[in-house]
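Note sheet for the following structure.
Residue numbers (my numbering): 4 to 906.
See below:
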C-alpha cells in the first residue's frame, strides 16, 4: 500500500498536475503523502518551511490529516475525555489549541539545517519535526494570517479567504504550494480558476499547483470538460488512478484489519412488484422525453434513471430553441418517483403507504401527470396497501432489513463491540430508530389516525383543485373557453356567484402565469408529504414513549431486585471479552452520512453497518480502517436483486467507464498550448469594491483579467462599488424573475438610492444562465408577464439605470466606461444599512433629493442638522447656503429653483 501511494505522490509533485482518483481511501492518503514530499523537497532546497494551502477539501481529508498529527493522543482514555469536553460544549478550548496540538510529524532530515530568523518556528528537541495544521476562517485576522503564512504550515482554507489574500498586496507567496480538491465543478463555479490564475501570476516557479478529483463520471459527461479544466487550472499533465488499477487492487488485498460482510436480504413479493412498477413508470416518462427531444436511447439510456445524471443530461439537451417546459416538469416527476422507490427500502409499510397516498391525492385531476393513470401506478397503490393487510386482518409486513440489523447488533454486543449504523439522512435516521422499537399496535394506531384524516384531507384537496387548478393544460383550455364566452363553470355553492371580478381572476388566472403552476404543485406535494411524515413520526414516538413508560412501571420492582446481579454479570462479561467501555461511549448509535467523519474520529468504532448502499461511504470507511491497529468489521445491508443494489453496482461500473473515456480523450486531444496567465496583481490603479460572495461567479475573474484592482469586502448594499457615487446590483436573468415576484429587488434599490447617487441594475443574459431556454412564443409570454413589474420599478426609482449584458467581457467594458472621470472607491465608501428609524420620513427625503442644487450625499447631513427645514433654507442667502451645501454653485441652483416664477 505504501509503495503504491508513493508512486502516486511522486507523479503528483512532478509538475502542475491533475490527479483523477477513484472515490475513497486514495484521496486523503495521496494528498498527505504529496504534501510530505513537497515539504521535504522545499526544505532541502530553501532551508525554510513552506506553507501548503489545501482548498475545497472534503471533511474526511482533514480528519485524515488530524489522525496523523503528532500532538494528538489516540488512547481510549484521552479520546473519552475529549469527547466529554466536546459534548459539554467545552471543545472550544481544544479548537483554540489547534495550532499547537495538531502537528504533522516529519523525519528529522526535513528540518532546516541553517539558522532561522525569529519569525520561523522553533525546532523541537525530539527526532520528529512538528509541522502546524490549521483550518483558516474569517475568525483569524488578516495580520494573523500573514504571520502564519510566513512561518509555514498546512492550512485548510476556503477559496473566498484565499482570493481576498491573493489579490491584496500585503502577503508573500514565494514559500507556498496550492492544492485544489474536488475541482470537477470548476467550469460552472469560477472561484477555483480565479485562485489558480492569481496564484500563478505571483510566482516565478509555477509548478506548485496540484489538483485532485474523485468524480470522473462528471468529467466524462461533457466532451471538452477535461480540456477546459486543464486550461482554467493551468494543468500540464493528467494522471489517472482508477479503483480497478492493479496496484490499487493489490493494496486493498493487503488491508489486514478491515473485514467486509455483504449481507443480502430478499425482497418480499409486494416490494418486488412495487419496485418494478415504479421503474416501468419512470421508463414511460423517459420514453416521452426522448420522443420530444428526438433522441435515441443511447443518448439518454434508461440505466441512468436511478441517478440524477439522467436529469442533468436532459437539461443539457433541453435548451435554446428546443426548450420545452413540460420536459423540465417530467424531470421533476422522475425525481419524485425515484424518491418514492428508495423510500420503500427505508420506511416501514405504514409510512410508505401514507407517502404514496399523499402523492396520489396531491396529483388528483392533473392532466399533465399522464403517468399517474398507468396500470403500473395502480399496482403501486394496491400493493402498498396490501403490505399492511393479510386478508381482512391488519398485519404489517416485517422489514427484513431491520430484523437482520437487530441480529448484527446483538452479535457484536455479545463480543463487547458498540455498533454504528450509517444511514443516508436525518429522516431515515428517525425512521430506523422508530422501526427498531415499534410494535404492531403502535403502527395500527398510526394507520388509524391516517385513515381518520384521509377522507377529510381528500375532500379538502379535491375542492381546492376544482377551484384553482394547477395543471398546465387544463388551465389553458379553461381560459380559452372563458375568453370565447362558452363553457362557463357554475359552482354549486351560491356564494361563488357573488364573487366580484377580481376574485374570479384569482380562480382562473391568465395563461401567462400558468407556466409556473407545475413547479408550485410539486413543491407543495413534497412539503405536505414531509410534514405528514414528520407528524406521523412524532405521533409514533409519543405512543412509543407512553408504552415504554407503562412497561417501565410494571417491571420496576423486578429491575430493582435484579440490579446488583446484572451489574455483576456485565462486569464479568467485560472481563471475558477484554473490553471495558469508556464512560461516554454511545452504544449502538444511528448516524447520518454527514456525521460519519466526526463519529469515526471520536468514537473509533470497531463495527459499522451501512444501512444504505453508498460508494462514497464505503470508501470513507476504508480510509478509516486503513489507519487502525485493530480489526474493523463493516456490514453492508442490501436487498438482493433490488434497484438499490443495482444502483450501487452501476455506480461502480459508471466510474470505471468514466476513467476509460477520460483516458481515451486525454490521448486523442493532447496538445501543447501555451498557458496564458493573467497580469501581475501589483501596480493596479482602477479599483472596484466587490462583495466577497460574488467571487463564486465569473464576473470578478473577468474584471481581474481586465486589469481592475479588486477590493473584497462584505457589502450590505449592492454587489459592486465602482466609485463613491456608483453602486451596482448584479442579477442573472433567473434571479431577476424571482426578485421581481418577491419584490426583493425593490427593497434593494431603495436601500441603494438612500446611500448612492447612481444606481445600476446589471442584468446578465449569459449563455451559462440559459437565458435562451424559451422558444419565441414562451419568451414573449415570460417577458410580458413581468413588464408591469419592471415598469413599476423604473417608475418608483427613476434614477436606477438598467443595463443588460450578454458576457462578462462586455460587463468589464461597461464598468470601465462608468468609472471614467470618477474617483476611485475606498473602504469608507462601503455604506451600511442603518437600523430602521421610525422618525425618518423617507418620502420627504425623496422630495428633497429631487430639489435643484441638493447633492444626494448631503441629504442625510441636512436631515441630521438641528433646526433646519426647507422653509428656512429658502429664506437663507447664497453665503449661508454655501456653508450648508458645501458648494456655491449648488447654492445658486437651489435659490434659482425656489425663486423661479411660473408664467
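Note that the Cβ used here is the ideal one computed from N, Cα and C, for glycine as well.
Identity of the residue in the options nearest residue i by Cα
i	options	result
residue 817	725, 161, 831, 29	725
residue 240	213, 703, 351	213
residue 748	379, 803, 697	803
residue 270	37, 262, 279, 264	279
residue 857	824, 898, 833	898
residue 819	464, 691, 380	691
residue 40	276, 408, 452, 10	10
residue 742	706, 731, 695, 796	796
residue 403	758, 394, 328, 390	390
residue 427	619, 358, 415, 233	619
residue 308	318, 286, 299	286
residue 765	814, 799, 727	814
residue 137	57, 216, 642, 32	57
residue 397	447, 351, 245, 314	447
residue 713	360, 654, 171	171
residue 226	612, 161, 615, 672	672
residue 630	215, 31, 19, 7	31
residue 215	632, 896, 417, 38	38
residue 71	50, 688, 60, 135	135
Straight-line Cα distance separating residue j from residue i
i	j	result
residue 412	residue 259	23 Å
residue 1	residue 22	Because the chain is modelled from 4 through 906, residue 1 falls outside the range shown and cannot be assessed.
residue 450	residue 341	24 Å
residue 290	residue 386	25 Å
residue 650	residue 827	56 Å
residue 661	residue 224	8 Å
residue 794	residue 209	52 Å
residue 380	residue 344	12 Å
residue 104	residue 159	The predicted model places residue 104 with a pLDDT of 42, which falls under 50 and marks its position as unreliable; any figure quoted below should be read in that light. About 16 Å.
residue 13	residue 249	18 Å
residue 17	residue 220	26 Å
residue 52	residue 800	57 Å
residue 310	residue 319	15 Å
residue 229	residue 243	12 Å
residue 222	residue 235	14 Å
residue 825	residue 25	53 Å
residue 872	residue 850	13 Å
residue 355	residue 347	6 Å
residue 407	residue 261	21 Å
residue 35	residue 613	27 Å
residue 165	residue 720	23 Å
Residues near residue i by beta carbon distance below 7 Å, same chain, minus five either side
i	result
residue 174	149, 152, 168
residue 288	333, 336, 337, 374
residue 590	421
residue 349	431, 434
residue 263	637, 639
residue 276	382, 386
residue 62	600
residue 903	none
Cβ-based neighbour list, residue i, same chain, cut-off 6 Å, excluding 5 preceding and 5 following
i	result
residue 901	877
residue 593	424, 432, 435, 436
residue 528	In this prediction, residue 528 scores a pLDDT of 44, lower than 50, which makes its location untrustworthy; the coordinate-derived value is nonetheless stated afterwards. Around residue 528: 365.
residue 283	379
residue 246	25
residue 399	352, 391, 443, 446
residue 415	422, 610
Residues of its chain near residue i, where Cβ-Cβ distance is below 8 Å and the 5 sequence neighbours each way are ignored
i	result
residue 891	881, 885
residue 233	21, 241
residue 237	19, 199, 200, 203, 209, 212, 678, 680
Task: alpha helix (DSSP H) runs wholly inside the region 348-386, at least 4 long, in chain order - done: You should have 352-365.
Task: Within the region 673-756, ranges of the beta strand (DSSP E) (whole runs, at least 3 residues) - done: Runs of the beta strand (DSSP E) inside the region 673-756: 690-694, 712-716, 723-726, 729-735.
Task: contact_flag[the region 819-830, the region 737-751] where n(CB pairs < 8 Å) is 3 or more - done: No, they do not touch.
Task: contact_flag[the region 281-301, the region 197-217] where n(CB pairs < 8 Å) is 3 or more - done: No: fewer than three Cβ pairs fall under 8 Å.
- [ ] Would you check if there are 3 or more beta carbon pairs closer than 8 Å linking the region 190-200 to the region 719-739?
- [x] In short, these stretches do not touch, since the Cβ pair count stays below three.
- [ ] Kindly confirm or deny that the region 57-71 and the region 592-608 touch, where touching means at least three C-beta pairs closer than 8 Å.
- [x] They touch, by the three-pair rule.
TODO: Could you name each continuous alpha helix (DSSP H) segment of 4 residues or more that falls completely within the region 170-254, going from the start of the chain to the end?
DONE: Runs of the alpha helix (DSSP H) inside the region 170-254: 194-204, 219-224, 228-235.
Open item on the list: Which runs of the beta strand (DSSP E) at least 3 residues long sit entirely within the region 593-652? Give them in chain order.
Closed with: With a minimum length of 3 residues, the continuous beta strand (DSSP E) runs that stay inside the region 593-652 are 610-613, 635-643.
Open item on the list: Could you tell me which whole beta strand (DSSP E) segments of length 3 or greater appear in the region 7-37?
Closed with: Whole beta strand (DSSP E) segments, 3+ residues: 20-24.
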